[in-house]
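**Student:** My questions will all concern the structure given below.
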Amino acid sequence: MMTSCLNTLGICVENLDPMQLLDSTTILPQEISSRVRKKINAVRNIVMLYEKSKHVKPTTIKGPKDIYNLLKKDFDSLNHEELRVVFLNTGNSVISTQKMFSGGLDSIVIDNRMIVKEALLKSATGVIIAHNHPSGNCMPSSSDIQQTQALAKALNFLQISLVDHLIIADDSYFSFADEKTTRLTPKKHQGR
Numbered sequence: 016m017m018t019s020c021l022n023t024l025g026i027c028v029e030n031l032d033p034m035q036l037l038d039s040t041t042i043l044p045q046e047i048s049s050r051v052r053k054k055i056n057a058v059r060n061i062v063m064l065y066e067k068s069k070h071v072k073p074t075t076i077k078g079p080k081d082i083y084n085l086l087k088k089d090f091d092s093l094n095h096e097e098l099r100v101v102f103l104n105t106g107n108s109v110i111s112t113q114k115m116f117s118g119g120l121d122s123i124v125i126d127n128r129m130i131v132k133e134a135l136l137k138s139a140t141g142v143i144i145a146h147n148h149p150s151g152n153c154m155p156s157s158s159d160i161q162q163t164q165a166l167a168k169a170l171n172f173l174q175i176s177l178v179d180h181l182i183i184a185d186d187s188y189f190s191f192a193d194e195k196t197t198r199l200t201p202k203k204h205q206g207r
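So the sequence shown is numbered by the working numbering: it starts at 16 and just counts up by one.
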């Protein structure tokens, strides 16, 4: 089977052991052309990346700084607001991260039903949302607070917790959980 897969890629191995060819420690025979060598090396790299990915430990979220480090690059150089959702399992390990909404220069509308649907499909027990403020001011607006409260309520109804909502602006962030702005449940906002 491996021989036919390599032949499909244009790598003719004839009487060579294909598993040995894919082992990166094996020195390729001199009679293999440079074109075939390049293809074999490309397949070796794919195999190596695949093997590494099987042993990668999922990212565990311990606090807002972990969320910021996970998502900061996604928001770099955006001139409009976007919302990312991180779905977590019971151990707060990341199941997946997904861009869910894109907004304007200074606002974004969150459809709670879509977030809840994705959380259920992924069997998530926790959700983190994060969005950017291109203005550079990471303080939440009254709309941010209201949308966070509404999402927390919708998720809570299904026994899924809203772990945090981060607002990322330039090199800073605001964490609803850290600042206990809403405790992720409805409370009066204390402005700064």
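A virtual CB, placed ideally from N, CA and C, is assigned to each residue, including glycine.
#1: Compare the beta carbon distance of Lys137 and Ser108 with 8 Å and say whether it is the shorter of the two.
#2: Report yes or no: do three or more beta-carbon pairs, one from the segment 117–127 and one from the segment 74–90, lie closer than 8 Å?
#3: When you compare the CB positions of Leu43 and Arg52, do they come within less than 8 Å of one another, or not?
#4: Starting from the Cα of Phe221, find the closest Cα among Ile175, Leu166, Ile144 and give me that residue.
#5: Excluding five sequence neighbours on each side, which residues of the same chain lie with their C-beta closer than 7 Å to the C-beta of Pro149?
#6: Relative to the C-alpha of Leu177, which candidate in Val100, Met115, Arg59, Ser158 has its C-alpha closest?
#7: Provide the residue(s) that pair with Lys114 in DSSP beta bridges, ordered along the chain.
#8: Quick one: measure Cβ to Cβ for Ala139 and Phe102, integer angstroms, because I've assumed they're closer than 8 Å.
#9: Considering only the beta carbon of each residue, do Asp179 and Ala169 sit closer than 8 Å?
#10: Taking the straight line between their C-alpha atoms, what separation do you get for Leu37 and Glu46?
#11: Classify Ile61 as buried or exposed, calling it buried when 16 or more other Cβ atoms lie within 10 Å of its own Cβ.
#12: Can you round the beta-carbon distance between Gly141 and Ile175 to whole angstroms, since I take them to be within the 8 Å contact cut?
#13: In the DSSP assignment, the alpha helix (DSSP H) including Leu86 goes from what residue to what residue?
#14: Determine the extent of the alpha helix (DSSP H) in which Asn152 is found, giving its start and end residues.
**Tutor:** With the given structure in hand:
#1: As a first step, residue 137 must be located in the sequence shown, where it is residue number 122. As a first step, residue 108 must be located in the sequence shown, where it is residue number 93. In this structure, Ser108 does not lie closer than 8 Å to Lys137 by Cβ.
#2: no
#3: Here the question's residue 43 lines up with position 28 in the sequence shown. Here the question's residue 52 lines up with position 37 in the sequence shown. In this structure, Arg52 lies closer than 8 Å to Leu43 by Cβ.
#4: The structure shown does not extend to residue 221, since the chain is modelled only from 16 through 207, so no value can be given for it.
#5: Sequence index remark: in the sequence shown, residue 149 carries index 134 (1-based). Within the same chain, Pro149 has close Cβ partners Leu93, Asn94, His95, Glu96, Leu120.
#6: Along the sequence shown, one-based indexing puts residue 177 at 162. Selected option, being the one with the closest Cα: Val100.
#7: Here residue 114 is taken as the residue at index 99 of the sequence shown, counted from 1. Arg99, per the DSSP bridge assignment.
#8: Counting from 1 along the sequence shown, the entry for residue 139 is found at position 124. Counting from 1 along the sequence shown, the entry for residue 102 is found at position 87. At roughly 4 Å, the Cβ-Cβ gap stays under 8 Å, so Ala139 and Phe102 are in contact.
#9: Locating residue 179 in the sequence shown gives position 164, counting from the first residue. Locating residue 169 in the sequence shown gives position 154, counting from the first residue. No.
#10: Working through the sequence shown from its first residue, we reach residue 37 at position 22. Working through the sequence shown from its first residue, we reach residue 46 at position 31. Roughly 16 Å between the two C-alpha positions.
#11: As a working note, residue 61 is residue 46 in the sequence shown. Ile61 comes out exposed.
#12: Taking the first residue of the sequence shown as 1, we reach residue 141 at position 126. Taking the first residue of the sequence shown as 1, we reach residue 175 at position 160. With 8 Å as the limit, Gly141 and Ile175 qualify as a contact, their Cβ atoms being about 7 Å apart.
#13: Here residue 86 is taken as the residue at index 71 of the sequence shown, counted from 1. Start and end: 79–90.
#14: Translated into the one-based positions of the sequence shown, residue 152 becomes position 137. Run containing Asn152: none; DSSP gives neither H nor E here.
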